[in-house]
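Residue numbers (the numbering used here): 4 to 188.
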């Protein structure tokens, strides 16, 4: 083999190696590593967040944790609204303390420099829902969780309750500005 051919092969090999390294870096850059935390070891803060989050269905939280009544609240039940406002204030306090971001059926919070994701099916009337996490991806300003909600036909009907909650501990140190849950099939 001539020296020029050898040099050309080494150059091509080097270019391919660089391409592979860049590809691996880019493909793993947005991937978030996570582990499922057992429900029995769920911290009290998660239970408090869930309680406040689900029982404030007439309350809306914005990014600065201020409270605003939605248009669909029951105007005739002042006591109900005051109760919801108390719970909303509790949620707003928690939101400030734990840097909480919410989207439908998902809450992301930070505790002791660790980011956690709570995913739930919400308030449902059966115990047959399961959640399967496909992947968690972080772009520059958005965290996306891809989850599959599985409904088992052999279910037990129960009064409306928060069921099928899963808690994920991530390798993130900060929460992106936007969070969303993407349902997959």
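Where a beta carbon is used, it is the ideal one built from N, C-alpha and C, also for glycine. Here the structure is a predicted model, which is why all the values come from computation and not from measurement.
*Apart from the five residues just before and just after residue 183, which ones in its own chain have a Cβ nearer than 8 Å to its Cβ?*
Result list for residue 183: 106, 109, 145, 146, 147, 148, in chain order.
*Thinking residue 150 and residue 140 are a contact (beta carbons under 8 Å), I'd like their distance in whole angstroms, please.*
Their Cβ separation, rounded to whole angstroms, is 12 Å, which puts residue 150 and residue 140 out of contact at 8 Å.
_residue 93 - DSSP class collapsed to helix/strand/coil_ = The three-state secondary structure of residue 93, taken from DSSP, is helix.
*Inter-residue Cα distance where the pair is residue 11 and residue 5*: Pairing residue 11 with residue 5, the inter-Cα distance amounts to about 10 Å.
*So the beta strand (DSSP E) residue 35 belongs to, where does it begin and stop?*
Run containing residue 35: none; DSSP gives neither H nor E here.
*Under 6 Å Cβ to Cβ from residue 172, same chain only, skipping five residues before and after it: list those, please.*
These residues qualify, in order along the chain: 38, 40, 119.
*Which stretch, first to last residue, makes up the beta strand (DSSP E) that contains residue 103?*
Element bounds for residue 103: n/a, residue is neither H nor E.
_Please classify residue 186 as buried or exposed, where buried requires at least 16 other C-beta atoms within 10 Å of its C-beta._
That one is exposed.
*asked:* Rounding to the nearest angstrom, what Cα-Cα distance links residue 89 and residue 36 in this structure?
replied: Whole-angstrom Cα-Cα distance: 36 Å.
*Could you check which residue in 152, 169, 98 has the C-alpha nearest to that of residue 188?*
In terms of CA proximity to residue 188, 152 leads the group 152, 169, 98.
*Within its chain, find whatever has a CB closer than 8 Å to the CB of residue 116; leave out the 5 residues flanking it on each side and keep chain order.*
If you ignore the 5 residues before and after residue 116, its C-beta comes within less than 8 Å of the C-beta of 176, all in its own chain and listed in chain order.
*Alpha carbon to alpha carbon, what distance is there between residue 7 and residue 14?*
Using only the alpha carbons, I get a separation of about 10 Å.
*Report all residues from its chain with a CB closer than 7 Å to the CB of residue 179; omit the five preceding and five following residues, and keep chain order.*
Answer for residue 179: 141, 144, 145, 146, listed in chain order.
*Based on Cα-Cα distance, which residue from 169, 25, 174 lies nearest to residue 49?*
Here the closest residue by C-alpha is 169.
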